[in-house]
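Q: Numbering (our numbering), first residue to last: 100 to 441.
Even for Gly, the Cβ is constructed at its ideal location relative to N, Cα and C.
Next up is a structure, given as structure tokens.
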């Protein structure tokens, strides 16, 4: 984002303060307002001189995202339509959980739209528009945190877009979210979900932070996966497994495999056998996901007895598996339902 003061490091802000005739300590104050308090207006920065605030507002207008719409689910989940300075919009989701609701997870978007065109996903139908900047990802977290009035504890990059097609910006955003100068969210509480972009998996394995990796698998049979996820067909399953094995070896961290169970599409016995084979020797956890309603989609959720059979079978083979409870489906805020428009 050109001329966005939020991208300036502290030493650049010190130089800027000097240019405006301010002492050096003003730079630290400004930095804290931008990154610790996530101010959306210079008027909020009450410990800065009024004249300095006016100079900043004139020279560096803040390009913070704004909240366009907010819906709340009966389960407490909130979905947000967020608009950026150029008018483009994404959706983000805030999910409280825990006995006292003390945990707050933000599902954020990393792109406007998505190029992957997955058959079961509403976002893919709208096509790809552009990548988001680190600041635009941070804005999503800030808006959710301010709306709930409490600290965000977990981040999942499972909203719109393929994070590894915007790798550098996503990792920069994660590092800022992890920083004590910002949200101070533990790296292990920040999860990136990818369709299986192998170059991104390899790169993440070499990052110093222990961010969590999740793979949108959805089928361990190549022909079926190609049909469900056509734009990722170049990432062949044997190569994907090799990349995941290397990731585990380098990081000593478990991988989450996400599997959307779709009636008659990927829920048969041959699909289960293929998944068992894919998991062999891999330190992983399988998240089985319910198929959520997407307008115009021909897909239906797998029956509950099928889901239970899968969980039991995976467990018998010593593979950890859970059925992830769908959150916010009544407000189209669940997996596969997000769009980049009102």
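Just list the residues that DSSP pairs residue 181 with in beta bridges.
A: The partner list for residue 181 (beta bridge, DSSP) reads 166, 189.
Q: Going by DSSP, what residue range makes up the alpha helix (DSSP H) through residue 133?
A: Segment 124 to 134, the alpha helix (DSSP H) holding residue 133.
Q: Measure the CB-CB distance between residue 357 and residue 314 and report whether it falls below 8 Å.
A: Yes, the pair counts as a contact, with Cβ atoms nearer than the cut-off.
Q: Starting from residue 211, trace the alpha helix (DSSP H) both ways and give me its first and last residue.
A: From DSSP, residue 211 is part of no alpha helix (DSSP H) but of the beta strand (DSSP E) over 210 to 212.
Q: Mind checking whether residue 144 and residue 138 have CB atoms under 8 Å apart?
A: Yes.
Q: Would you kindly report the start and end of the unbroken alpha helix (DSSP H) that includes residue 376?
A: Taken as a continuous stretch (DSSP letters only), the alpha helix (DSSP H) holding residue 376 covers 368 to 378.
Q: How would you call residue 113, buried or exposed, if buried means at least 16 neighbouring beta carbons within 10 angstroms?
A: Counting Cβ neighbours within 10 Å, residue 113 comes out buried, since at least 16 surround it.
Q: Our contact map puts residue 277 next to residue 306 with C-beta atoms below 8 Å; I'd like the distance itself, whole angstroms only.
A: Not a contact, Cβ separation roughly 11 Å.
Q: Could you have a look at residue 436 and say whether DSSP puts it in helix, strand or coil?
A: Reliability of the predicted coordinates at residue 436 is poor, the pLDDT of 48 falling under 50, and the value obtained from them is presented with this limitation in mind. Residue 436 falls in the coil class under three-state DSSP.
Q: Hey, residue 192 and residue 173: beta-carbon distance below 8 Å or not?
A: No, the pair does not count as a contact, with Cβ atoms beyond the cut-off.
Q: The alpha helix (DSSP H) that contains residue 337, what's its start and end?
A: Its alpha helix (DSSP H) spans residues 336 to 350.
Q: With distance defined between alpha-carbon atoms, name the residue in 318, 354, 336, 395 nearest to residue 367.
A: Of the listed residues, the one whose Cα sits closest to residue 367 is 318.
Q: For residue 421 and residue 350, what's the separation of their Cα atoms in angstroms?
A: Distance between the alpha carbons of residue 421 and residue 350 is about 23 Å.
Q: Relative to the alpha-carbon of residue 185, which residue among 235, 334, 242 has its alpha-carbon at the smallest distance?
A: Closest option to residue 185, Cα to Cα, is 235.
Q: Assign residue 266 to one of three DSSP states: helix, strand, or coil.
A: It is helical.
Q: Please name the residue or residues paired with residue 314 in a DSSP beta bridge.
A: Paired residues: 293, 356.
Q: Is residue 234 helix, strand or coil when you go by DSSP?
A: Three-state DSSP puts residue 234 in a helix.
Q: Do you know offhand how far residue 439's Cα is from residue 384's?
A: Summary for residue 439: the model assigns pLDDT 48, below 50, so the residue's position carries little reliability; its value from the coordinates is reported in the next sentence. Going from the Cα of residue 439 to the Cα of residue 384 covers about 30 Å.
Q: For residue 436, count the other beta carbons within 10 Å of its own beta carbon; 16 or more makes it buried, fewer makes it exposed. Which is it?
A: Note that residue 436 scores a pLDDT of 48, beneath 50, so its modelled location is shaky and nothing firm can be said.
Q: What are the residues that DSSP puts in a beta bridge with residue 419?
A: 384, per the DSSP bridge assignment.
Q: Considering just the uninterrupted stretch of the beta strand (DSSP E) at residue 109, what are its terminal residues?
A: That residue, residue 109, is in no beta strand (DSSP E); its alpha helix (DSSP H) goes 109 to 118.
Q: By a C-beta neighbour count over all protein chains shown, 10 Å radius and 16 as the cutoff for buried, is residue 269 buried or exposed?
A: Buried is the call here.
Q: Which same chain residues end up closer than 7 Å to residue 299 when comparing Cβ atoms and leaving out the 5 residues on each side of it in sequence?
A: Excluding positions up to five away in sequence, the list reads 263, 266, 293.
Q: Less than 8 Å between the C-beta atoms of residue 328 and residue 217, yes or no?
A: Going by C-beta atoms, residue 328 is nearer than 8 Å to residue 217.
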